[in-house]
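Worksheet: one structure, shown below.
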Amino acid sequence: MKKDKELIVKDKSEFDEENYKVESPTKIIFRRLLKDKLAILGFAMLIIILILILIVPLFSQDSSTINILIKNQSPSHEHILGTDALGRDMFARVLEGGRFSFFVGFAATIISVFLGTFFGLVAGYYGGVIDMIIMRVVDILMSIPTLPLLIILAAFLSDLEVNPKYRIYVTLGLLAFIFWTTYCRNIRGIVLLLREQEYMQATEALGFSTFRKLFGHLLPNILPYIILYIASGLGTMMIFEASLSYLGLGVQAPYASLGNLLQTTRNFFDLTKRVWLWIPPTILLFTSVLSINLVGEGLRNAIDPRLKK
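Under this note's numbering, think of the first position of the sequence shown as 293, with each following residue one higher.
This is how it looks when you write it as structure tokens:
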């Protein structure tokens with residue numbers, strides 16, 4: 293009997309909590325993310341960029357100050373990135389452009405992911421006629437080439453002579469309108485899989501309300517994917533915003549974005565002799581998108597390692 297008790301104690305010691313810890317999905321994702329060196333590098337780059345565009349402008353020169361006497365000056369001790377055609381400090385202008393580009397990209401991503409998540413949840417959960425209507429709208433919008441559609445809509449709105457102050461919101465609204473369809477299709481596919489899981493069948497048997505099933509059980513399980521879509525979509529939004537602004541259809545003067553800063557380089561002389569006008573905003577856009585993509589790729593691999601290439 294004594295030996296049996298010793299055996300039981302020994303068995304309990306083998307299965308103590310210290311040796312067998314159950315990790316939550318969030319902790320598992322975070323642990324995987326910390327092991328991804330490229331994701332950590334991207335996150336560090338992103339933090340540095342955000343500090344530059346959000347905090348440094350508080351202590352730098354005003355980006356809107358015009359001084360024709362010092363126009364088109366090359367980089368100097370006083371103006372480390374030179375000045376533009378109106379004598380404005382390019383360092384301050386680039387940081388302001390980065391701030392506006394991040395704002396437009398982030399806001400457009402949040403809105404499009406929100407719309408895509410909502411309609412994807414509804415379509416995937418209800419199915420039938422509701423699913424058919426939503427997905428046919430998605431199919432129609434996705435069948436139209438993205439950039440030409442953006443240019444056409446932006447050009448149409450430009451004819452309305454919208455105040456530059458509100459063009460920022462028009463631009464992010466256009467981007468959100470175009471890209472919500474992609475997220476809707478992805479979320480719908482995930483919901484179709486989750487709907488057949490045992491815990492969802494249990495909610496049906498227990499008679500939970502539709503609201504509780506959608507937002508209390510389905511939504512928390514797709515939250516990691518929503519975070520992933522936000523992280524991976526921000527870079528794409530910034531590129532499209534820069535494209536529209538470069539064509540004069542997005543953010544307009546006196547406000548700066550990385551796209552309309554590049555627009556100031558309109559001739560071969562500026563391109564070759566005044567490189568400070570276009571190289572800094574190009575580098576900031578490139579490093580911003582690169583860091584966002586590295587973080588997004590790390591999140592993708594952490595959420596579902598099977599997708600790792």
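All C-beta atoms in this analysis are idealised placements derived from N, C-alpha and C, irrespective of residue type, glycine included.
Environment of residue i [buried if 16+ CB atoms lie within 10 Å]
| i | result |
| --- | --- |
| L361 | exposed |
| P546 | exposed |
| Q544 | buried |
| R431 | Checking the sequence, you will find Asp at residue 431 rather than Arg. D431 comes out exposed. |
| S305 | With a pLDDT of only 45 at S305, under the threshold of 50, the placement of this residue in the model should not be trusted; the figure read from the coordinates follows. The residue in question, S305, is exposed, as its Cβ has fewer than 16 Cβ neighbours within 10 Å. |
| F503 | exposed |
| I372 | exposed |
| V396 | buried |
| P440 | exposed |
| D376 | buried |
| I426 | buried |
| E421 | A quick correction: the sequence has Val, not Glu, at residue 421. The residue in question, V421, is exposed, as its Cβ has fewer than 16 Cβ neighbours within 10 Å. |
| Y417 | buried |
| E589 | buried |
| L526 | buried |
| T564 | exposed |
| I575 | exposed |
| V462 | buried |
| F561 | exposed |
| A446 | buried |
| R459 | buried |
| L577 | buried |
| L515 | exposed |
| E490 | exposed |
Residue i (DSSP reduced to helix, strand or coil)
| i | result |
| --- | --- |
| T375 | strand |
| I575 | helix |
| T495 | helix |
| E388 | helix |
| I349 | Looking at the sequence shown, residue 349 is not Ile but Pro. P349: helix per DSSP, three-state reduction. |
| S393 | helix |
| R592 | helix |
| E370 | coil |
| N478 | helix |
| N585 | helix |
| W570 | coil |
| S356 | coil |
| E490 | helix |
| K329 | helix |
| K304 | With a pLDDT of 46 at K304, under the threshold of 50, the modelled position of this residue cannot be trusted; read the value that follows with caution. Helix. |
| K363 | coil |
| E298 | The pLDDT assigned to E298 is 45, lower than 50, so where the model puts this residue is not dependable; a value taken from the coordinates is nonetheless given after this. The answer is helix: DSSP assigns E298 an H, G or I state. |
Check whether residue i and residue j have beta carbons under 9 angstroms apart
| i | j | result |
| --- | --- | --- |
| G390 | I341 | yes |
| L520 | L325 | no |
| A400 | R480 | no |
| M424 | L467 | no |
| L387 | I321 | no |
| Y541 | S450 | The sequence given here places Leu at residue 541; Tyr does not occur at that position. Closer than 9 angstroms, so yes. |
| S524 | N585 | yes |
| L536 | G551 | yes |
| G408 | T357 | no |
| I403 | G465 | yes |
| R487 | L511 | no |
| G275 | L582 | Nothing can be reported for residue 275, as the shown portion of the chain is limited to 293 through 601. |
| S352 | A384 | yes |
| T438 | F398 | no |
| G412 | N478 | yes |
| R566 | G374 | yes |
| S235 | D328 | Limits of the chain in this structure are 293 at one end and 601 at the other, which puts residue 235 out of reach. |
| I443 | L539 | yes |
| N359 | L338 | no |
Those residues which DSSP pairs with residue i across a bridge
| i | result |
| --- | --- |
| D381 | T375 |
is_contact[residue i, chain C] using C-beta, thresh 9 angstroms
| i | result |
| --- | --- |
| T564 | Looking for chain C here will not work: only one protein chain is present. |
Whole runs of the alpha helix (DSSP H) within the segment 420-455, excluding any shorter than 4 residues: For the segment 420-455, whole alpha helix (DSSP H) runs of length 4 or above, ordered along the chain, are 420-434, 438-450.
Within the segment 500-558, ranges of the alpha helix (DSSP H) (whole runs, at least 4 residues): Listed in chain order, the alpha helix (DSSP H) runs fully inside the segment 500-558 are 511-538, 550-555, counting runs of at least 4 residues.
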